[in-house]
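Everything in the sequence shown is counted per the numbering used here, starting at 121 for the first residue and increasing by one.
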Amino acid sequence: MSSIFTKIINGEIPSYKIAEDEKFYAFLDINPLVKGHTLVIPKKEVDYLFDLEDELIAGLHIFAKKIAKAIDKSIDCVRVGTLVIGTEVPHAHIHLIPFNDESELNIKRSKLKLSQKEFFKIAEDIKANL
């Protein structure tokens with residue numbers, strides 16, 4: 121059975137896409153900790169990040185770096201942190217989270233409620249800085 125992320129990649133579920141190439145996909149988290157919280161995933165469905173082939177895990181991080189730099193230019197933040205937990209969805213992924221205080225990286229904190237218009241604006245701002 122396909123993960124929710126595979127369904128997003130395949131266009132079966134809509135997303136606020138930031139970027140994609142032949143191997144990777146980046147999109148806004150719909151339950152963000154902060155504005156600009158983005159998920160970066162390989163298109164290959166593998167549950168555990170450290171089960172990815174070396175070339176794919178390296179490529180994922182290089183792709184994430186490009187997205188993180190665009191987030192940093194788009195969102196007022198001290199820096200963009202990365203978080204890998206891997207238990208929420210059985211598909212390897214990296215959270216890119218712009219933050220001004222380390223407490224904003226706590227995955228258990230309350231999530232933001234953003235409108236569709238806000239999500240679109242954030243996505244467009246990040247894409248403009250790629």
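For every residue, glycine included, the Cβ atom is placed at its ideal position computed from N, Cα and C. Owing to the predicted nature of the structure, the values given are computational and were not obtained by experimental measurement.
Where residue i falls, given that 16 or more other Cβ within 10 Å makes a residue buried
i	result
Asp196	exposed
Gly131	exposed
Ile205	exposed
Length of the line joining the Cα atoms of residue i and residue j
i	j	result
Arg199	Phe219	6 Å
Leu180	His213	9 Å
Phe144	Lys163	5 Å
Glu142	Val166	16 Å
Leu169	His211	8 Å
Asp174	Ile161	15 Å
Asp245	Gly156	9 Å
Thr158	Leu148	4 Å
Ala150	Ile242	Note that residue 150 is Ile in the sequence shown, not Ala. The straight-line gap from Cα to Cα measures roughly 12 Å.
DSSP bridge partner residues for residue i (one or two, in chain order)
i	result
Val198	Answer is none; Val198 lacks a bridge partner.
Val204	Paired residue(s): none; Val204 is not in a bridge.
Pro218	Val200
Lys137	Phe147
Close-in-space but distant-in-sequence residues of the same chain around residue i (CB under 8 Å, 5 per side omitted)
i	result
Leu250	Ile138, Ala139, Lys186, Ile187, Ala190
Leu225	Leu153, Gly201, Leu203, Ile217, Phe219
Chain-order list of residues whose beta-carbon lies under 6 Å from that of residue i (same chain, five-residue window excluded)
i	result
Leu232	Pro152
Would you call the region 122-136 and the region 170-190 in contact, with 3 or more CB pairs under 8 Å? no
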